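S.K.:
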Amino acid sequence: MPGVVAYTFDDGPYIYNDQLLSILQKKNVTATFYLVGQMVNQTLQQQGSLKKMLDHGHQLASHTYTHSNLDLMTEAQMRSEISRTSDVMFANSGVRPRYMRAPEGRCSDACTKVMKELGLVISYWNVDTHDWQFTGEKTPAIAVEKSMEEINKVVIQNSNPATDSFILLQHEIHKFSVENLADVVIDAILKKGYRFVSMEECIGEPAYLEGSVLPTKSSSVAPTPAPGTSTSATTSTSSTAVKPTTAGVNGQNGQNGQNGQNGQNGQNGAGIKSAAGWTLFLTVAALGVALF
Numbered sequence: 284m285p286g287v288v289a290y291t292f293d294d295g296p297y298i299y300n301d302q303l304l305s306i307l308q309k310k311n312v313t314a315t316f317y318l319v320g321q322m323v324n325q326t327l328q329q330q331g332s333l334k335k336m337l338d339h340g341h342q343l344a345s346h347t348y349t350h351s352n353l354d355l356m357t358e359a360q361m362r363s364e365i366s367r368t369s370d371v372m373f374a375n376s377g378v379r380p381r382y383m384r385a386p387e388g389r390c391s392d393a394c395t396k397v398m399k400e401l402g403l404v405i406s407y408w409n410v411d412t413h414d415w416q417f418t419g420e421k422t423p424a425i426a427v428e429k430s431m432e433e434i435n436k437v438v439i440q441n442s443n444p445a446t447d448s449f450i451l452l453q454h455e456i457h458k459f460s461v462e463n464l465a466d467v468v469i470d471a472i473l474k475k476g477y478r479f480v481s482m483e484e485c486i487g488e489p490a491y492l493e494g495s496v497l498p499t500k501s502s503s504v505a506p507t508p509a510p511g512t513s514t515s516a517t518t519s520t521s522s523t524a525v526k527p528t529t530a531g532v533n534g535q536n537g538q539n540g541q542n543g544q545n546g547q548n549g550q551n552g553a554g555i556k557s558a559a560g561w562t563l564f565l566t567v568a569a570l571g572v573a574l575f
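Residue numbering for the sequence shown is 284 to 575, as defined by my numbering.
#1: Secondary structure at P380, three-state DSSP: helix, strand or coil?
#2: Secondary structure at A344, three-state DSSP: helix, strand or coil?
#3: Decide if the region 465-478 is in contact with the region 320-337; the criterion is three or more beta carbon pairs, one per stretch, under 8 Å apart.
#4: Say whether the region 351-364 touches the region 404-417, bearing in mind that this needs 3 or more beta-carbon pairs closer than 8 Å, one atom from each stretch.
#5: Starting from the Cα of A371, find the closest Cα among M322, N352, A426 and give me that residue.
#6: Using C-beta distances below 7 Å, list every residue in its chain close to K474, excluding the 5 sequence neighbours before and after it, in chain order.
#7: According to DSSP, is V319 helix, strand or coil?
#8: Taking only three categories from DSSP, how would you classify Q440?
#9: For R362, does the three-state DSSP call read helix, strand or coil?
#10: Q453 bridges to which residues according to DSSP?
#11: Following the continuous alpha helix (DSSP H) through V480, name the residue where it begins and the one where it ends.
#12: Is the region 290-299 in contact with the region 434-454, if contact means three or more CB pairs nearer than 8 Å?
#13: Helix or strand or just coil, what does DSSP make of D301?
#14: Would you mind giving the Cβ-Cβ distance between Q302 and V467, rounded to the nearest angstrom? I have them listed as a contact below 8 Å.
#15: Could you tell me which residues DSSP puts in a beta bridge with Y491?
#16: Within the same chain, show all residues whose beta-carbon is closer than 6 Å to that of A426, passing over the 5 residues directly before and after it, in chain order.
#17: Smallest Cα separation from I306: which of M482, L492, A490, E455?
#18: Which same chain residues end up closer than 6 Å to A344 when comparing Cβ atoms and leaving out the 5 residues on each side of it in sequence?
#19: Could you give the residue range of the alpha helix (DSSP H) that holds G331?
#20: What number of angstroms, rounded off, separates the C-alpha of K310 from the C-alpha of I469?
#21: Is the closest heavy atom of the ligand PLP to the C-beta of Q440 under 7 Å?
#22: Secondary structure at D447, three-state DSSP: helix, strand or coil?
#23: Among G487, V378, N409, E493, which one has its Cα closest to the Cα of G388?
#24: Cutting at 6 Å between CB atoms, please list the residues of its own chain near P423, excluding the five before and the five after it.
#25: Kindly indicate the opening and closing residues of the alpha helix (DSSP H) around D400.
#26: For Y491, which residues of its own chain have a beta-carbon under 7 Å away from its beta-carbon, when the five flanking residues on both sides are left out?
#27: Would you check if the distance between the CB atom of P386 and the CB atom of H350 is smaller than 8 Å?
#28: Are A465 and I439 closer than 8 Å when you measure CB to CB?
The following block contains the structure:
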């Protein structure tokens, strides 16, 4: 869908979530939150934030349970990461996410196969604030300026809302990113003529799985495609030569080790029955969806 930006926040929920929700509400902006399962369980406040995000009209998505590299896991461990996250999110929000973003964007063929079997939409990004790199700057203003560099180059200077769309990556665990950067990002993108949407609206695939993930082999979470959804690949076209950075395409940005996000993998979680899966691919300055 041209003319839209899916504003996505990774690694939460965190202590700045209420403040971020207030900013988004003030600007009338919809976002998608890729949540880490064990971050949800850190405090009662963070557990309660899931319902707040839904009440504000935002989309919830999975960023695994421990924020560890899926490509270093066995198939059983990968499934556990997804099931445990799905369970904790369902317990605190009543929804089970269908969209999944791998930590650092690392999801090789083996990982993609598992996610496909679980019926998940693997989502990447094509423009990045790189905010995690600038938390040590002397002032928030400097951090904001550096975080805006790729957005200014790719979106503001070299894109056309009539033909282009973007998935923008940011984090809610960095204070400056919430308190200082979010307002600047939103104002710049709105001024360019883009509209902020959820990942569901941007891609056109349902946000949540139908049914429940039960701790039995007979459980079923097969997603129900939206009415009229095609099973063939669809891509947006672009007449501009805007190219995301390599990190933006490959998603390997070195974010491991952030507060409370690493843990032991492989603990047993609820089982998820195999289902038809979707994988999201990015084209040059445009978005496409391949339906398997």
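Heads up, the beta-carbon is just placed ideally off N, CA and C, and yes, glycines get one too.
Here the structure is a predicted model, which means the values were calculated and not measured.
M.R.: Straight from the coordinates:
#1: In the displayed model, P380 falls within a strand according to three-state DSSP.
#2: strand
#3: no
#4: no
#5: Per the sequence shown, the amino acid found at residue 371 is Val instead of Ala. It is M322 whose Cα lies nearest to the Cα of V371.
#6: none
#7: coil
#8: coil
#9: helix
#10: F292
#11: V480 -> not in any alpha helix (DSSP H); beta strand (DSSP E) instead, spanning 478-480.
#12: Proximity of the region 290-299 to the region 434-454 meets the contact definition, three or more beta-carbon pairs being nearer than 8 Å.
#13: Three-state DSSP puts D301 in a helix.
#14: About 15 Å separates the two Cβ atoms, so there is no contact after all.
#15: P380
#16: Closer than 6 Å at Cβ, skipping near neighbours: F417, E420, F459.
#17: E455
#18: T315, Y317, P380, Y382
#19: Taken as a continuous stretch (DSSP letters only), the alpha helix (DSSP H) holding G331 covers 327-338.
#20: 8 Å
#21: This structure does not include the ligand PLP; it has no bound ligands of any sort.
#22: Coil at D447, not helix or strand.
#23: N409
#24: F459, N463
#25: Note on residue identity: the sequence assigns Glu, not Asp, to residue 400. From DSSP, the alpha helix (DSSP H) with E400 extends over 392-400.
#26: Apart from the 5 residues on each side of it in sequence, Y491 sits with its Cβ closer than 7 Å to the Cβ of V378, R379, P380, R381 in its chain, given in chain order.
#27: yes
#28: no
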